[in-house]
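Working notes for the structure below.
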Amino acid sequence: MTELENIKYSDFGDFLYPIEYYHFYKGSLGINFKIELLCLENRFAFHLMTENTKVPENLRYFSCNDQRVLEELGLYDNIDYTSKQATLQLAIDLGTAIAKKYCK
């Protein structure tokens, strides 16, 4: 048992989780992305961010479960959020799709 398991919460559904940060640079197009990886109990999630002004505002910060963004970029089939590697790969694939579409 870790010391974090002893933390008391005021409401059901409250929980503490670690976050890891990664940076992804799409070198051929010169655009930086920041990936905020949320490490939940048995799955992962992320927020993808960029400050590049060529990218539309709605794509400068979004979460991995934003169906509108996933459908727009065509990356929404068979997503495995139980794998850290697969979740990070999706973030990179989304960043690449955004860069190719808006930063050429």
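Just add 1223 to wherever you are in the sequence shown, counting from 1, and you've got the numbering used here.
Just so you know, even glycine gets a beta-carbon here, dropped at the ideal spot from N, CA and C.
No experiment lies behind these values; they were computed from the predicted model shown.
Segment limits, beta strand (DSSP E) that includes residue i
i, result
"K1249", "1242–1249"
"E1259", "1254–1262"
"L1271", "1267–1272"
Span of the alpha helix (DSSP H), counted from its first residue to its last, around residue i
i, result
"Y1325", "1307–1325"
Inter-residue Cα distance where the pair is residue i and residue j
i, j, result
"L1296", "I1242", "25 Å"
"E1322", "H1246", "First, the residue type needs correcting, since residue 1322 is Ala and not Glu in the sequence shown. When rounded, the distance between both Cα atoms is 14 Å."
"R1266", "Y1248", "25 Å"
"I1230", "E1264", "15 Å"
"K1307", "Y1240", "14 Å"
"D1316", "E1280", "19 Å"
Cβ distance (whole Å) where residue i is taken to contact residue j below 8 Å
i, j, result
"L1252", "K1327", "7 Å"
Close-in-space but distant-in-sequence residues of the same chain around residue i (CB under 7 Å, 5 per side omitted)
i, result
"L1282", "V1292, I1321"
Chain-order list of residues whose beta-carbon lies under 6 Å from that of residue i (same chain, five-residue window excluded)
i, result
"S1286", "H1270"
Cβ-based neighbour list, residue i, same chain, cut-off 8 Å, excluding 5 preceding and 5 following
i, result
"Y1299", "Q1290, L1293"
(request) Take every Cβ of the stretch 1304–1322, pair it with every Cβ of the stretch 1257–1274, and state whether three or more of those distances are shorter than 8 Å. (result) yes
(request) For the stretch 1234–1249 and the stretch 1274–1283, state whether three or more C-beta atom pairs, one from each stretch, are separated by less than 8 Å. (result) no
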